[in-house]
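Heads up: the protein sequence lines correspond to chains W and S, in order. Start counting the first sequence at 1; every next residue gets the next number (the UniProt record's numbering). Start counting the second sequence at 1; every next residue gets the next number (the UniProt record's numbering). Where a beta carbon is used, it is the ideal one built from N, C-alpha and C, also for glycine. Computed from a predicted model, the values in this text were never measured in an experiment.
2 protein chains.
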Amino acid sequence: MTLRINGKRLNETLQSTCTTWGALSNSTGMRRLALSQEDREVRDWLVAECKALGCEVKIDQMGNIFATRAGTSKTRKPIAMGSHLDTQPAGGRYDGILGVQAALEVLRTLNDHNIQTECSITLIDWTNEEGARFPGAMMCSGVWSTESATGLQACWDIKDLDGISMKQALEETGYLGPTPADYRENGLEAYFELHIEQGPILEASDMKVGVVTSVQGMKWFRVKVSGVEGHSGTTPMQGRSDALVTASRLITAVNDTARSTGLGVATVGVISNDTQSQATIPSGVEFIIDVRCSTDSMVEELSTAIFKKFEDIVASEANKTSYEVIRTWGLPESIFHKDCIEAVRSSAISEVGTSKIMEMKSGAGHDAAWTSKVVKSSMIFVPSKDGISHNPAEYTSPEDCSLGAQVLLGAVLRYDEGIKDGSIP
Amino acid sequence: MTLRINGKRLNETLQSTCTTWGALSNSTGMRRLALSQEDREVRDWLVAECKALGCEVKIDQMGNIFATRAGTSKTRKPIAMGSHLDTQPAGGRYDGILGVQAALEVLRTLNDHNIQTECSITLIDWTNEEGARFPGAMMCSGVWSTESATGLQACWDIKDLDGISMKQALEETGYLGPTPADYRENGLEAYFELHIEQGPILEASDMKVGVVTSVQGMKWFRVKVSGVEGHSGTTPMQGRSDALVTASRLITAVNDTARSTGLGVATVGVISNDTQSQATIPSGVEFIIDVRCSTDSMVEELSTAIFKKFEDIVASEANKTSYEVIRTWGLPESIFHKDCIEAVRSSAISEVGTSKIMEMKSGAGHDAAWTSKVVKSSMIFVPSKDGISHNPAEYTSPEDCSLGAQVLLGAVLRYDEGIKDGSIP
């Protein structure tokens, strides 16, 4: 008989912790920015829960939490399950949070039935996945993987809008841990991540579980447009060098180019204006472009097309301004490992049958994209109502949350069994 | 023999107080936001200087400072000179500041020579002229005139970006005074304002003094564009409702419409984005449009053309968003009074001759625009290097600053003489 997670307990825990730590008033939305007071408190709660289950808890140098339930093997590394507890400034209750709460429910279920696994089983809460407070999404799994261009010290130095550095925030919340944020010193056998789809595909095709095989490639560019300040009442239109007008043309071009090429998606989600005074012509405007495509080469192609358009706009404009790309980040496309994909597929089929599962690429970035660079990884998706995410209206039904946790449990046990019987090396 | 101001003292006082209170590092720029620590300290200094000259100092309910040197008449109200000591976030040392410092120099000169005037002579420092901290330019002269649509309580309630209200800032700096902010209870005979031109005309035509006859009409609109939040990686380009993309098209249209119609100038100096996260499609973007034309009817015509363009853009866009004008302010065109214009003209001619003065309209708004609605008013302009203002590079030579102060003194004395001899009623 298949071991069953407790869906009621999972959903009650998820809802009550969201209500307590970070709920927006008048909606089911969440604002739980990385290393904020709300994030610190829910992390403290998680650590206490895991310790109460008998787990050993390690905090690494980026604040990533590793809570480990011991297995019998002395030589094997842990099989991990995880995601993130932080949210967007006006996000929902499921993005990231479901993956961590489902991992906790798996640990509770293993305890309830005194299950002895071969490998240790580890729950992970990755810090600052959203990058909403400290710019740089999937920041801390990136550091742990050592594959991100932004390493430990550079991430420690990143500041939020109030000038507080990541390292300072880690120290102040008590999450600057001693464990190296490096997979070579704190390694895993495999990594599974349950997540909501954050898109409309599963719901639209009446599927219950997405067996995720890859994550699309992404690149971000921070662009600064420079003009010349001047008085809005006395500077003739002809002599102007208005950075916001040029930025507006460029942002329009980002959107138009993504639509016309059909290569992928491109979004400007952040804009800031140096002067920000109604009587002053803006001289410095910054914005961030987010480009995502199925493959890295398509990301390159779309980015190149966008910047070609930028050159044309700035060259042809009567409004004389200049622009520069002042910083870039990126996440290469990630192909998940067949051993993990197979464990998820087998677990999902046993729950809902072959007709209700589908193989998918992830449009969003996830911590699993970084882990997959250095340990076998894959993901499980469950449906998002109307495909909405990063929004208070984000919703996944209690039944789908439970189903996801059940598939996660099955995948972990199948993988553990594969190691025990030698079918997984 | 004409009474002479002390140009060396004027310029030394202006430069040293700028260096002490609000100087930007590494430039001659200024950041002295209304009721900031720097503004409070320079106001405290000004009050002390005026009291040392024997002036009576009154502070009104909006923090406007009135420092009065007594005249002989028991029935006449004071003749006033003034401007503002606050600056843009990255402004210069002359915009507003010169007008107050020149007024102080006039008071000092009158004292130095024991001049007895018929009317009392009042120096005024108007609070928050720039509107850079508390939105709404010329806010406090507007309240005093009782002609502004935004009255005392509404202005008290206006908040800065940190959520501090105008009233709270007045209280905390000690400038919430007991004198009614109302010209009917704290009246003036006339008002003269010396200001830098903030445009290129005087310099380009090799003129020394502008005899200002009017201020152009202005209107501001706060516009909010609403879309739907969504994940930047999983929301297809086709289904998007991106408020920043629409806002960008609208801001571009503001600029294009002002250029193509030639009716005046239109600027977007302020933009803000509700979500401000690189992985979230923006759902709420606000910006402020500043429209200025020679006449009120041209302001109406240009505004109407801009909003017509907005309708077309929003209706034709694949990107489904909506917009609303959530607030407007305005300053009607102001025609200055012949008695004041004549006093300025006569004083300027006696200093530089008729070939070096020109009649001008002001492109920028000034406190004199509000005072002119309720008391006889006019302004004096001196040249701005390269027409630059609201910028650290703003510059007016010490000679031109002194000349402006001298013309101001002459205008005030001529006006006072006119009252004495009955030529001014």
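Quiz item: Which chain S residues sit within Cβ distance under 7 angstroms of residue 288 of chain W?
Solution: The answer, in chain order, is 278.
Quiz item: Per the contact definition of three or more C-beta pairs closer than 8 angstroms, is the stretch 214-232 of chain W in contact with the stretch 401-420 of chain W?
Solution: no
Quiz item: Going along the chain, which residues of the stretch 287-314 of chain W sit with their C-beta nearer than 8 angstroms to a C-beta in chain S?
Solution: 288, 290 and 292
Practice problem: Return helix, strand or coil for residue 67 of chain S, following the three-state DSSP convention. | Solution: strand
Quiz prompt | Listed by chain order, chain S residues near residue 237 of chain W by CB distance under 7 angstroms | solution = 258, 259 and 265
Exercise. Report the neighbours of residue 270 of chain W on chain S: residues whose CB is nearer than 8 angstroms to its CB, in chain order.
Key: The contact set of residue 270 of chain W on chain S, defined by CB atoms closer than 8 angstroms, consists of 273, 276, 277 and 278 in chain order.
Self-check item: Contacts of residue 164 of chain S in chain W (Cβ-Cβ under 7 angstroms)
Solution: Here the premise fails: no neighbours, minimum Cβ distance about 16 angstroms.
Exercise. Check the Cβ of residue 245 of chain S against every Cβ in chain W and list those closer than 7 angstroms, keeping chain order.
Key: 251, 252 and 255
Practice problem: Could you spell out the range, first to last residue, of the alpha helix (DSSP H) harbouring residue 255 of chain S? | Solution: Residues 243-261.
Quiz prompt | Listed by chain order, chain S residues near residue 391 of chain W by CB distance under 7 angstroms | solution = Those within 7 angstroms of residue 391 of chain W in chain S are 229 and 230.
Quiz item: Going along chain S, which residues have a C-beta under 9 angstroms from residue 131 of chain W?
Solution: 277, 278 and 279
Quiz prompt | chain W within 8 angstroms of residue 425 of chain S, Cβ atoms only | solution = no
Quiz item: Since residue 332 of chain W meets chain S, which of its residues come closer than 8 angstroms, beta carbon to beta carbon?
Solution: Those do not exist, as residue 332 of chain W stays about 14 angstroms from chain S at its closest Cβ, beyond 8 angstroms.
Exercise. Check residue 367 of chain W in the structure and name its three-state DSSP category.
Key: Looking at residue 367 of chain W - three-state DSSP - the assignment turns out to be helix.
Quiz item: What first and last residue would you give for the alpha helix (DSSP H) that runs through residue 412 of chain W?
Solution: 398-421
Self-check item: Neighbour flag for residue 30 of chain S against chain W, beta carbons, 8 angstroms
Solution: Chain W, which has no Cβ nearer than 8 angstroms to the Cβ of residue 30 of chain S, makes this no.
Exercise. Compute the distance between the beta-carbons of residue 379 of chain S and residue 362 of chain S, then report whether it is under 8 angstroms.
Key: yes
Quiz item: Which runs of the alpha helix (DSSP H), 4 residues or longer, sit entirely within the stretch 95-174 of chain W?
Solution: Correct list: 97-112, 139-145, 152-157 and 166-173.
Self-check item: Under 7 angstroms by beta carbon: chain S residues contacting residue 388 of chain W
Solution: What residue 388 of chain W touches in chain S: 230.
Self-check item: Neighbour-count burial assignment, residue 425 of chain W, 16 or more Cβ in a 10 Å radius
Solution: exposed
Self-check item: Contacting residues, own chain, Cβ-Cβ under 6 angstroms from residue 398 of chain W (five flanking each side not counted)
Solution: 11
Exercise. Over the uninterrupted alpha helix (DSSP H) stretch that includes residue 352 of chain S, give me the two end residues.
Key: 338-352
Practice problem: Could you check what DSSP says for residue 320 of chain W in three-state terms: helix, strand or coil? | Solution: coil
Exercise. Count the other CB atoms, across all protein chains shown, that sit within 10 Å of the CB of residue 114 of chain W; report buried if there are 16 or more and exposed otherwise.
Key: exposed
Quiz item: With a Cβ-Cβ cutoff of 8 angstroms, do residue 117 of chain W and residue 6 of chain W count as a contact?
Solution: Not a contact, by the Cβ cut-off of 8 angstroms.
Quiz item: Hey, is residue 45 of chain S's beta-carbon within less than 8 angstroms of any beta-carbon in chain W?
Solution: Residue 45 of chain S does not count as touching chain W.
Quiz item: Looking only at its own chain, which residues have a Cβ that is under 8 angstroms from the Cβ of residue 21 of chain S, when we skip the five neighbours before and after it?
Solution: 32, 38, 39, 41, 42 and 45
Self-check item: CA-to-CA distance, residue 272 of chain W to residue 285 of chain W, given in whole angstroms
Solution: 6 angstroms
Practice problem: Rank S/249, S/298, S/281 and S/238 by C-alpha distance to the C-alpha of residue 262 of chain S and give the top, closest one. | Solution: Of the residues S/249, S/298, S/281 and S/238, the one whose Cα lies closest to the Cα of residue 262 of chain S is S/298.
Exercise. Would you check if there are 3 or more beta carbon pairs closer than 8 angstroms linking the stretch 50-63 of chain S to the stretch 415-424 of chain W?
Key: no
Exercise. Using a Cβ cut-off of 7 angstroms, pull out every chain W residue sitting near residue 220 of chain S, in sequence order please.
Key: 278
Quiz item: Can you give the Cα-Cα distance for residue 366 of chain S and residue 311 of chain S, rounded to whole angstroms?
Solution: 33 angstroms
Self-check item: Interface flag, residue 248 of chain W vs chain S, CB-CB below 8 angstroms
Solution: yes
Quiz item: Hey, is residue 242 of chain W's beta-carbon within less than 8 angstroms of any beta-carbon in chain S?
Solution: yes
Quiz item: How about residue 234 of chain W: is its C-beta nearer than 8 angstroms to some C-beta of chain S?
Solution: So, interface residue.
Quiz item: What does residue 90 of chain S touch in chain W if you count any residue whose Cβ is under 7 angstroms from its own?
Solution: 229 and 275
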